Amino acid sequence: MNHQTKIAMLAIIIALIMPARAASQGMPVYDNTNFISLAKSLIESAKQTSQLLKTVNFLKQQKENLEKVNSVVKQLKAVQEIAENNQRLFDIVRDDLREILNSPYIKPEEVNRISDSFNSIIENSLEDLDFIDQILSSDYLKMTDAERAAILKEKEMNSKEMVAEINQKTQRYRDIISFREMQDKINNRETDY
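Quick note, the sequence shown lines up with residues -22 to -1, 1 to 171 if you use mature numbering (1 follows the signal peptide of the UniProt record, and there is no 0).
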């Protein structure tokens, strides 16, 4: 028996019993239409309350769904940012490293050291991508979406740091090249004395 039916039965019982008890106690007899009207009001109120509870449950469920979607959106944004940062890393290595290594002002013994420093950053980046792939493609130790999003955010910060580090290294080697080029021009200039 649901809540609405209980309320309706209670209202009908009140409507039927109340006038009989009132008459036996010497009280005036009331018109049953008022009690029937009250019973209908109670039934309608129960329906509205039931509908309101359904609405509250629906809204609660929608809030949970939005939180899940929000978590997924955060994960997607983090993954997109990581992918963009890795693309920047690869572009810098492909273009800028080649330019640095081809410079006549970089000594042959420096080529391996420069290459190794850039390669270590790229290797870290690739390891992070593998780890991210594992996180996204499996349950990875039954992580919640929030835990997964936190790890992805951390990896996003790592990828930003790698981009900053590789930009810093690139700028440092360009400054070295500029300095050596200027030094070469000064040392090899012709004097008009």
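Glycine included, C-beta positions come from ideal geometry on N, C-alpha and C.
Small disclaimer: the values here were computed from a predicted structure and weren't measured.
*How big is the Cα-Cα spacing for Lys133 and Pro86?*
35 angstroms
*Which class does Met140 belong to by DSSP, given the choice of helix, strand or coil?*
Three-state result, Met140: helix.
*Taking Pro82 as part of the alpha helix (DSSP H), name the residues at either end of that continuous run.*
It is not in any alpha helix (DSSP H) - Pro82 carries neither H nor E in the DSSP assignment.
*Count the other CB atoms within 10 Å of the CB of Arg(-2); is the residue buried (16 or more) or exposed (fewer)?*
Note that Arg(-2) scores a pLDDT of 47, beneath 50, so its modelled location is shaky and nothing firm can be said.
*Which residues mark the beginning and the end of the alpha helix (DSSP H) in which Ile100 is found?*
Pro86 to Ser115
_Rounded to whole angstroms, what is the Cα-Cα separation between Ile60 and Leu54?_
10 angstroms
_With the cut-off set at 8 angstroms, would you say Val57 and Ile129 are in Cβ contact?_
no
*Taking all protein chains shown into account, decide if Arg91 is buried (16 or more other Cβ within 10 angstroms of its Cβ) or exposed.*
exposed
*In this structure, does DSSP put Met121 in helix, strand or coil?*
coil
*Report the option in Tyr151, Gln149, Ser137 and Glu159 whose CA atom is closest to the CA atom of Glu101.*
Ranking Tyr151, Gln149, Ser137 and Glu159 by Cα distance to Glu101 puts Ser137 first.
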